[in-house]
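Student: The structure is given below, and queries will be raised subsequently.
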């Protein structure tokens, strides 16, 4: 009796118009062939078709997006369909590396029909070749068997069609015959593709670079010759000898999304030779030696044995904070704070649900003083009070001029939102000195506690880099935090930002807007700044430009608007490591007081770092609007490479000594184009730490 699966496939075939090449023939045959390498043809001749209901048809339409459908798309050389399936389904859902009943994988069919675009798409998705083909002979024998059996089946069906009288059963035989004729042509094409293929050429290029003091990075490119079969894997070999005898190690790379490999566990200071060879269904091709021919694992710190700047800093700061807390244990007061709002007992919850409690003491208007506002946003929505107001609390109604040092102190407090109660208790004891600074900062801590209590949230986010001031004497300090959770809260109102901006009735004139009006007008800009300030650089070595400007009470640093937590920069290369040899070359260049190189010289033309720096300096000078001829007076900072973790490092480009920091009133003839801003140095440091 025909299996249920076979009936489904034949039904799908019956719905197709007759033709010499049936799109469903592949799917039908793959689902019905039994045995690992041989084909059982009995089911083709037995049973009858059974009608299907509409519900079953719908179910089959979803099941069609499966391993069988992928096989069919590959066999029909339908690149668009293959790419669509790989985009919407995972390799596991497609059974990408599960052989069919003939022992073949989708990648086998693609490479043996020499369909390079489909083969590359499959390789990018993680496809592999069938493990059954352990040798050239086994592959050849298997293909010959498939061709012979398909031809035999075609002859049998043809004889049955010719000898039988026309009837319903004969019509079914004709459909099977067309399917097997199509299958026979496919197998012959696969066999011919295998017989005419040859081993691949060597990779077109192999680049070797020093990744660390114990590793090398190898980057390679496909062979240039496109006439051979598709390359499905590469082999990286390394040795201390240029003859590669003995061979120290090798690695086979069959995930071809990125053609690079990092060799780990090498000995620092030892020269290693590298070569790479390509593989296709005919075997391994000749190796290609790397450029340069060898490399020595090293790091610039080995020159003087310098330890990483940040090593142990976090632990030391935690230890220092613990010591400070121990000293102030006697200051901790367990009495309730008198300055807590009356609704504090309703704000014990750490969620947002008490935000709109009637007893909240958020302010609607400002009356000449210092205030704190907290901006919480999610997508294009912002959190507001029950009166559709941005949460604002008062810090000091008698404070008309915010000192920069007080503001910068508050930005540091933002790194310790959970320690506000302890800080308040310590500052309370210290108030006996009646210092105006301490009193102001104590009021700041009170306002923070009030905001945390009313919102039921400890973390108020990041302090915006400058307060908002108006001509009425109001100063508004803004904190920003993105809420990424999709949780919904009771009694909490998220309002679209655009709706809040259009619905608020301004109480000021356009010429003299209040601080709150200014906040609403510039809200999108502030949210964009907050989001961009948390972006990270991709791994690599960068060239940064350090430019400062000073004022009476602060120093500011030039940064790009798109990444305000990083100096102005361009990427030199993807490898962040500076080797010992490269660092020695940089030191030598600095010791003879050579200008920053802008044109190549004969003895430097073979230095990859020199060439990379040339390109980077030209790009950076264009970015910050400085004529290239001025670069001859610039210097590379040669004291250290700035490491930001293990994956990002910076070389610094400095203006002449007198121009590193522009003094107040000093003329700067070269101002950067739009897309830059200046941040207070302390704000920049906090942003970089985040």
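Residue numbers (our numbering): 12 to 701. Even for Gly, the Cβ is constructed at its ideal location relative to N, Cα and C.
(1) Given this structure, state the Cα-to-Cα distance separating residue 401 from residue 335, to the nearest angstrom.
(2) Have a look at residue 315 and residue 593 and give me their C-alpha separation to the nearest angstrom.
(3) Answer with buried or exposed for residue 507, where buried requires no fewer than 16 other C-beta atoms within 10 angstroms of its C-beta.
(4) By Cβ distance below 8 Å, which residues in the same chain neighbour residue 495 in space, the five residues on each side in sequence not counted?
(5) Please return the same chain residues whose Cβ sits closer than 6 Å to the Cβ of residue 565, not counting the five positions on each side in sequence.
(6) Using only the alpha-carbon positions, how far apart do residue 640 and residue 630 sit?
(7) Residues in its own chain within less than 8 Å of residue 133 by CB, not counting five upstream and five downstream?
(8) Does the stretch 552–560 come within contact of the stretch 659–666, defined as at least 3 CB pairs closer than 8 Å?
(9) Within a Cβ cutoff of 8 Å, which residues of the same chain sit near residue 632, ignoring the five residues on either side of it in sequence?
(10) Just mark residue 461 as buried or exposed, buried being the case when its beta carbon has 16 or more other beta carbons within 10 Å.
(11) Just confirm the distance between the C-beta atoms of residue 248 and residue 286, as a whole number of angstroms; I'd bet it's less than 8 Å.
(12) According to DSSP, is residue 321 part of a helix, a strand, or is it coil?
(13) To the nearest angstrom, report how far apart residue 59 and residue 184 are at their CA atoms.
(14) Which ranges does the beta strand (DSSP E) cover as unbroken runs of at least 3 residues, wholly within the stretch 365–409, from first to last along the chain?
(15) Tell me the residue span of the alpha helix (DSSP H) that contains residue 635.
(16) For the beta strand (DSSP E) containing residue 515, list its first residue and its last residue.
(17) As a quick exercise: from 688, 488, 598 and 513, pick the residue whose alpha carbon is nearest that of residue 576.
(18) How long is the line joining the alpha carbons of residue 492 and residue 546, rounded to whole angstroms?
(19) Is it the case that the Cβ atoms of residue 453 and residue 438 are separated by a distance below 7 Å?
(20) Below 8 Å, how does it come out for the stretch 291–300 and the stretch 259–278: are there three or more Cβ pairs, yes or no?
(21) So does the stretch 535–545 actually touch the stretch 421–429, counting three or more Cβ pairs closer than 8 Å?
(22) Excluding sequence positions up to five away, which residues of its chain have a Cβ less than 6 Å from the Cβ of residue 66?
(23) Cα separation between residue 160 and residue 146?
(24) Beta-carbon within less than 7 Å of residue 694's beta-carbon, same chain only, minus the 5 sequence neighbours each way: which residues are those?
(25) Going residue by residue through the stretch 447–473, where are the continuous alpha helix (DSSP H) segments of at least 4 residues, counting only ones entirely within it?
(26) Use the C-beta contact count for residue 685: other C-beta atoms within 10 angstroms, 16 or more gives buried, fewer gives exposed.
(27) Of all the options 90, 89, 583 and 209, which has the alpha carbon lying nearest to the alpha carbon of residue 236?
(28) Taking residue 532 as part of the alpha helix (DSSP H), name the residues at either end of that continuous run.
(29) Going by the DSSP bridge assignment, what does residue 672 pair with across the sheet?
(30) Once you ignore the five residues that flank residue 424 on each side, which residues in its own chain have a CB closer than 8 Å to its CB?
(31) Checking contacts by CB at 7 Å: is residue 395 closer than that to chain D?
(32) Keeping to the same chain, check which residues put their C-beta closer than 6 Å to that of residue 580; ignore five residues upstream and five downstream.
(33) By the 10 Å Cβ neighbour count, where 16 or more other Cβ atoms means buried, how is residue 530 classified, buried or exposed?
(34) Going by the beta-carbon positions, is the gap between residue 586 and residue 228 smaller than 7 Å?
(35) From what residue to what residue does the beta strand (DSSP E) around residue 271 run?
(36) Three or more C-beta pairs closer than 8 Å, one from the stretch 248–257 and one from the stretch 190–200: is that the case here?
Tutor: Let's see:
(1) Those two C-alpha atoms are separated by around 36 Å.
(2) Straight across, the Cα-Cα distance linking residue 315 with residue 593 is about 14 Å.
(3) Residue 507 counts as exposed, since fewer than 16 other C-beta atoms from the protein chains shown sit within 10 angstroms of its C-beta.
(4) 389, listed in sequence order.
(5) 415 and 691
(6) 13 Å
(7) Correct list, in chain order: 85, 93, 97, 107, 117, 118 and 121.
(8) yes
(9) 638, 639, 641 and 642
(10) buried
(11) That belief holds up - the Cβ atoms of residue 248 and residue 286 are roughly 5 Å apart, short of 8 Å.
(12) coil
(13) With a pLDDT of only 35 at residue 59, under the threshold of 50, the placement of this residue in the model should not be trusted; the figure read from the coordinates follows. When rounded, the distance between both Cα atoms is 12 Å.
(14) 381–389, 392–395 and 403–407
(15) Taken as a continuous stretch (DSSP letters only), residue 635 belongs to no alpha helix (DSSP H), as it is neither H nor E.
(16) Element bounds for residue 515: n/a, residue is neither H nor E.
(17) 688
(18) 14 Å
(19) yes
(20) no
(21) no
(22) Reliability of the predicted coordinates at residue 66 is poor, the pLDDT of 47 falling under 50, and no value is obtained from them.
(23) 21 Å
(24) 422 and 476
(25) 447–466
(26) exposed
(27) 209
(28) 526–532
(29) According to DSSP, which records beta bridges pairwise, residue 672 is partnered with 559.
(30) 431, 434, 455, 456 and 459
(31) You won't find chain D in this structure, because it holds only one protein chain.
(32) So the list reads 553 and 555, once near-sequence residues are dropped.
(33) buried
(34) yes
(35) 271–274
(36) no
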